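Each remark here refers to the structure printed beneath this line.
There are 2 protein chains.
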Amino acid sequence: MAKNRTRTFVIALGGNCILRAKERGTVEEQYRNLRRTAEELVGLLSSGSRIVITHGNGPQVGNLLLASEMAEAMVPPLPLDICGAATEGFIGYMIQNTLANALRQAGGPYKITTVVSQVVVDANDPAFENPSKPIGRFYSESEAERLRREKGWHIIEDSARGYRRVVASPLPVSIQQARIIKSMLDAGEIVVAVGGGGIPVVREKNRNLRGVEAVVDKDYASARLAIEIDADVLFILTAVEYVYRDFATPQQKALPDLTVAEAKRLLAEGHFGRGSMEPKIGAAIMFLEETDPAWERDVIITVPETALGALEGRTGTRVTR
Amino acid sequence: MAKNRTRTFVIALGGNCILRAKERGTVEEQYRNLRRTAEELVGLLSSGSRIVITHGNGPQVGNLLLASEMAEAMVPPLPLDICGAATEGFIGYMIQNTLANALRQAGGPYKITTVVSQVVVDANDPAFENPSKPIGRFYSESEAERLRREKGWHIIEDSARGYRRVVASPLPVSIQQARIIKSMLDAGEIVVAVGGGGIPVVREKNRNLRGVEAVVDKDYASARLAIEIDADVLFILTAVEYVYRDFATPQQKALPDLTVAEAKRLLAEGHFGRGSMEPKIGAAIMFLEETDPAWERDVIITVPETALGALEGRTGTRVTR
Numbered sequence: 508m509a510k511n512r513t514r515t516f517v518i519a520l521g522g523n524c525i526l527r528a529k530e531r532g533t534v535e536e537q538y539r540n541l542r543r544t545a546e547e548l549v550g551l552l553s554s555g556s557r558i559v560i561t562h563g564n565g566p567q568v569g570n571l572l573l574a575s576e577m578a579e580a581m582v583p584p585l586p587l588d589i590c591g592a593a594t595e596g597f598i599g600y601m602i603q604n605t606l607a608n609a610l611r612q613a614g615g616p617y618k619i620t621t622v623v624s625q626v627v628v629d630a631n632d633p634a635f636e637n638p639s640k641p642i643g644r645f646y647s648e649s650e651a652e653r654l655r656r657e658k659g660w661h662i663i664e665d666s667a668r669g670y671r672r673v674v675a676s677p678l679p680v681s682i683q684q685a686r687i688i689k690s691m692l693d694a695g696e697i698v699v700a701v702g703g704g705g706i707p708v709v710r711e712k713n714r715n716l717r718g719v720e721a722v723v724d725k726d727y728a729s730a731r732l733a734i735e736i737d738a739d740v741l742f743i744l745t746a747v748e749y750v751y752r753d754f755a756t757p758q759q760k761a762l763p764d765l766t767v768a769e770a771k772r773l774l775a776e777g778h779f780g781r782g783s784m785e786p787k788i789g790a791a792i793m794f795l796e797e798t799d800p801a802w803e804r805d806v807i808i809t810v811p812e813t814a815l816g817a818l819e820g821r822t823g824t825r826v827t828r
Numbered sequence: 508m509a510k511n512r513t514r515t516f517v518i519a520l521g522g523n524c525i526l527r528a529k530e531r532g533t534v535e536e537q538y539r540n541l542r543r544t545a546e547e548l549v550g551l552l553s554s555g556s557r558i559v560i561t562h563g564n565g566p567q568v569g570n571l572l573l574a575s576e577m578a579e580a581m582v583p584p585l586p587l588d589i590c591g592a593a594t595e596g597f598i599g600y601m602i603q604n605t606l607a608n609a610l611r612q613a614g615g616p617y618k619i620t621t622v623v624s625q626v627v628v629d630a631n632d633p634a635f636e637n638p639s640k641p642i643g644r645f646y647s648e649s650e651a652e653r654l655r656r657e658k659g660w661h662i663i664e665d666s667a668r669g670y671r672r673v674v675a676s677p678l679p680v681s682i683q684q685a686r687i688i689k690s691m692l693d694a695g696e697i698v699v700a701v702g703g704g705g706i707p708v709v710r711e712k713n714r715n716l717r718g719v720e721a722v723v724d725k726d727y728a729s730a731r732l733a734i735e736i737d738a739d740v741l742f743i744l745t746a747v748e749y750v751y752r753d754f755a756t757p758q759q760k761a762l763p764d765l766t767v768a769e770a771k772r773l774l775a776e777g778h779f780g781r782g783s784m785e786p787k788i789g790a791a792i793m794f795l796e797e798t799d800p801a802w803e804r805d806v807i808i809t810v811p812e813t814a815l816g817a818l819e820g821r822t823g824t825r826v827t828r
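Chains as they are written, first to last, in this note's numbering: chain Z, 508 to 828; chain V, 508 to 828.
Pasting the structure below:
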C-alpha cells in the first residue's frame with residue numbers, strides 16, 4: 508500500500524446488509540439490518556480513509572414496481588429508471604441516517620450524503636439484444652402475453668414459478684457524478700452513491716442523456732466508480748466470509764488470496780455462481796485491470812463483520828493484480 | 508449587489524414547474540413540464556452564478572402514498588419520511604437530467620447533482636401539537652375512524668370532500684447537508700436539494716437524528732438552506748408574475764417592490780393566501796432577516812419565464828430589507 512496517501516475505499520454493501528432472505532421488506536426490518544451493519548462497519552468507516560458506500564436495491568425496487576402495478580388504476584405507473592431513482596433516494600436516506608448515528612455515537616466524523624447517481628451505458632451494449640435480468644413479480648401465461656403486447660416487455664418463463672419480466676443488464680461505461688463525488692470526498696464527506704447500480708442512461712446523438720429501463724449490476728457500477736475516483740480498495744461485502752472454489756461441494760475450498768490471472772481461470776472453469784459470485788469476481792477484475800498500476804490496489808470480498816480484519820490480512824478473500 | 512463576488516442563487520421551483528393542475532402525474536407529463544421549465548431557466552442557470560435548485564413534491568408524494576396504500580396487502584407500506592426520500596430521488600433525477608440536457612444544448616456548464624437532504628426540525632415545534640398539512644387521498648368517515656384507531660393518524664374532515672390525514676408542518680431548524688452543498692457549489696456543481704422541503708428529522712437525547720412523519724414547507728426549507736449557504740438571491744418561482752395585494756378582487760394591485768416591513772404589514776392584514784402566497788412571504792422574511800446584512804440580499808417572486816427579467820429589475824416582485 509502506498510504510504511503518505513489517504514486511502515480511498517469503495518464499500519459495496521450486499522443485499523443482506525439491508526434486507527435478509529425471508530424478510531418482507533418493512534422499513535423496521537431495513538433499519539434493524541442497517542443498524543447491525545453500521546455496528547459492524549464503524550471501525551472501517553472511522554479509519555480516516557475517504558469512503559464511498561454503494562448498495563443494491565433488488566427487493567426494494569421489486570416492491571416498488573409491484574405497488575406501482577397494483578395501483579395502476581388510480582396512479583400513473585412508474586417506469587424502472589424512475590423506481591431506481593426513488594430507491595436511491597430512500598435507501599440512501601436510511602443508510603446515511605443510520606450510519607451517521609452510529610458514527611456519532613462512536614465519536615467519529617459522521618457527515619454522510621447520498622447523491623442520486625446516473626450511470627452511462629452503451630446503447631449498443633449486447634445486453635440490450637439479450638435482456639436477462641429478472642425484475643418484479645411472477646405472472647401467469649396469459650398475463651405475460653398481455654404485458655408483452657401492451658407494454659412491449661420481454662417476459663420469459665422462469666423455472667416452474669411462472670413468467671417474469673427481464674431487462675437488459677448492460678455494463679457501466681461511466682458514472683455521471685464521479686467528478687463531484689471525488690470532490691465531496693476531498694471535503695471530508697462519506698458519500699452514498701450508485702445505489703442499485705445507479706440509474707442507467709444512454710447518450711443520444713445530440714449528446715443528451717436519456718434514462719432506460721435496464722439494471723446495471725451494483726458490483727460492476729461500484730467497480731466503475733472506484734476506477735473513476737482512483738480508489739485504493741474496493742470492498743465487496745456479501746453473505747460469505749471468503750470466495751470459494753468448488754463452492755457447496757465436498758471439495759469446497761476457501762481462497763484467501765487470488766490474482767487476476769487465477770480469478771480469470773476459476774471464472775472460466777465455472778467455480779463462481781452466476782448472478783452471485785460471478786459478477787463480484789468480474790467487477791474485481793475490471794477494477795484491478797483498469798486502475799493506474801503505479802499504486803497497489805486490492806479488492807476484498809468478505810462479510811461486513813470481517814471487513815476490517817480482511818483489510819489487515821487476517822481473513823476474507825483479497826484479489827490483487 | 509456586492510461586486511467582485513460570485514453570487515449564489517437558491518431557485519425554488521413551484522409545483523407548476525413539474526406538474527400542472529388537472530394532470531394525472533405521468534412521467535411523460537413531468538418531463539414535458541420540466542423541459543419547458545428548463546428552457547425558461549437556461550439563461551438564469553448559465554449566468555455564471557452558484558446555483559441550488561429546490562422543488563416541491565405534493566402530487567408525487569400523494570401518488571406514492573396512494574400506491575403504497577393500495578398495495579398494502581402485498582407490499583409493506585412506506586411511511587411518509589421514506590416516501591419523501593423516494594421523491595427526492597426520482598424528482599431530483601428528472602430535474603438533474605432534464606436541466607443538464609438543456610444546458611448542454613445551450614453550450615453552458617451542465618454538471619448537476621441531487622443530494623438527498625435531511626432537515627432538522629424541533630420535536631417541540633408547536634406544529635406537532637396541531638397537525639394541519641393535509642396529505643394523501645380522501646377517506647370516508649368509517650375509513651377515517653379505522654385509520655385513527657389502527658395507525659394513530661390525525662384525520663380531519665376536509666370541506667365537503669371527505670376525511671383526510673393531516674401531519675405537522677414544523678419550521679426547518681437546520682439543513683443537515685448544507686455544509687456539503689456549499690462545498691459542491693465551490694466545485695462548480697449545480698445542486699438539487701431539499702426536494703419536497705427535505706426529509707424532516709428530530710434530534711434525540713443522544714444527539715442521533717430520527718425521521719418523523721411530517722412535511723416541511725418547501726419555501727421555508729429553501730429559505731433556511733439559502734441562509735445556511737449565505738445565498739445572495741432566493742428565487743421563489745410560482746404561477747403568478749407578481750405578488751399582489753387584494754389578490755383576485757377588483758382592487759388587485761401588483762407589488763413590484765416590497766420591504767420586509769411592508770410584507771409583514773400586508774401579511775398581518777391577510778392579503779396573502781394561506782398555503783399559497785403566505786408561506787412564500789414568510790420564507791422571504793425569514794431569509795432577509797437572518798442573513799448577514801453586510802451584503803444586499805433579494806427575494807424574487809415571479810414565474811419561471813420572467814426570473815431573469817426580474818433579477819434585472821424589469822418585472823416580478825422583489826422583496827428587500
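Quick reminder that beta carbons are idealized off the backbone N, C-alpha and C, glycines included. Just so it is clear, the structure is predicted and the values come from calculations on it, not from any experiment.
Could you pull out every residue in the same chain whose Cβ sits closer than 7 Å to the Cβ of residue i, ignoring the five residues on either side in sequence?
i	result
Gly669/Z	Phe645, Tyr646 and Ser647
Arg792/Z	The amino acid at residue 792/Z is misidentified as Arg; the sequence shows Ile. So the qualifying residues of the chain are Val767, Ala770 and Lys771.
Thr605/Z	Tyr538, Leu541, Arg542 and Ala545
Arg717/Z	Val708, Val709 and Glu711
Tyr617/V	Ala607, Leu610 and Arg611
Met495/V	Given a span of 508 to 828 for chain V in the structure shown, any question on residue 495/V remains unanswerable.
For residue i and residue j, I'd like the C-alpha separation in whole angstroms.
i	j	result
Lys529/Z	Ser666/Z	19 Å
Ala728/Z	Gly695/Z	22 Å
Ile743/Z	Gly555/Z	19 Å
Gly820/V	Gln684/Z	35 Å
Arg828/Z	Asp805/Z	8 Å
Pro811/V	Val622/V	23 Å
Val699/V	Leu654/V	35 Å
Ala790/Z	Asp739/V	45 Å
Gly705/Z	Pro566/V	25 Å
Lys725/Z	Leu573/Z	21 Å
Gly659/Z	Val568/Z	20 Å
Arg514/Z	Asn564/Z	27 Å
Once you ignore the five residues that flank residue i on each side, which residues in its own chain have a CB closer than 8 Å to its CB?
i	result
Ala779/V	According to the sequence as given, residue 779/V is Phe; it is not Ala. Taken in chain order, the residues that qualify are Val750, Phe754, Leu773, Glu785, Lys787 and Ile788.
Thr824/V	Tyr749, Val750, Ala761, Leu762, Pro763, Asp764, Leu765, Ile807, Ile808, Thr809 and Ala817
Arg781/V	none
Less than 6 Å between C-beta atoms, sequence neighbours within five positions excluded: which residues of the same chain meet that for residue i?
i	result
Val719/Z	Pro707 and Val709
Arg671/V	Pro641, Phe645 and Asp665
Val701/Z	Thr561, Ser624, Ala728 and Leu732
Ala675/V	Ala634, Phe635, Pro638 and Ala721
Ala651/V	Ile662 and Tyr670
Pro679/V	Val626, Val723, Tyr727, Ala728 and Arg731
Ile518/Z	Ile560 and Phe742
Met508/Z	Low confidence applies to Met508/Z: its pLDDT is 47, below 50, so where it sits in the model is not reliable, and the reading given next is rough at best. The residues are Glu803.
Cys590/V	Val568, Leu571 and Leu572
With burial defined as no fewer than 16 other Cβ atoms inside 10 Å of the residue's Cβ, what is the status of residue i: buried or exposed?
i	result
Arg512/V	exposed
Glu547/Z	buried
Ser649/V	exposed
Val627/Z	buried
Gln758/V	exposed
Thr457/Z	It is not possible to answer for residue 457/Z, since the shown part of chain Z is limited to 508 through 828.
Ala578/V	buried
Asn713/Z	exposed
Gly557/Z	Before going on, a small fix: residue 557/Z reads as Arg here, not Gly. With 16 or more other Cβ atoms within 10 Å, it is buried.
Asn631/V	exposed
Asp737/V	exposed
Ser575/V	buried
Thr756/Z	exposed
Gly777/V	exposed
**Asked** Is the number of C-beta pairs between the region 534-553 of chain V and the region 595-602 of chain V that are closer than 8 Å three or more?
**Response** yes
**Message:** Taking contact to mean 3 or more Cβ pairs, one atom from each stretch, closer than 8 Å, check whether the region 742-751 of chain Z and the region 686-699 of chain Z are in contact.
**Reply:** Between the region 742-751 of chain Z and the region 686-699 of chain Z, the count of Cβ pairs shorter than 8 Å is below three; the stretches do not touch.
**Item:** Complete runs of the alpha helix (DSSP H) confined to the region 642-678 of chain V [at least 4 residues]
**Value:** 648-658
**Message:** Please give me, in chain order, every unbroken run of the beta strand (DSSP E) with length at least 3 that falls completely inside the region 697-765 of chain Z.
**Reply:** Segments of the beta strand (DSSP E) lying fully in the region 697-765 of chain Z: 697-699, 706-710, 716-718, 740-744, 750-752 and 760-762.
**Prompt:** Counting Cβ pairs, one atom from each stretch, are 3 or more of them under 8 Å apart for the region 515-527 of chain V and the region 799-810 of chain Z?
**Reply:** no
**Prompt:** Is it a yes or a no for the region 601-619 of chain Z touching the region 574-585 of chain Z, going by three-plus beta-carbon pairs under 8 Å?
**Reply:** With a cut-off of 8 Å on Cβ pairs, the region 601-619 of chain Z is not in contact with the region 574-585 of chain Z, counting fewer than three such pairs.
**Message:** So if I threshold CB-CB distances at 7 Å, which residues from the region 555-578 of chain Z count as touching chain A?
**Reply:** Reference to chain A is not applicable here, since the protein chains of this structure are Z and V.
**Runs of beta strand (DSSP E) lying entirely within the region 519-575 of chain V, each at least 3 residues, in chain order** = 557-562
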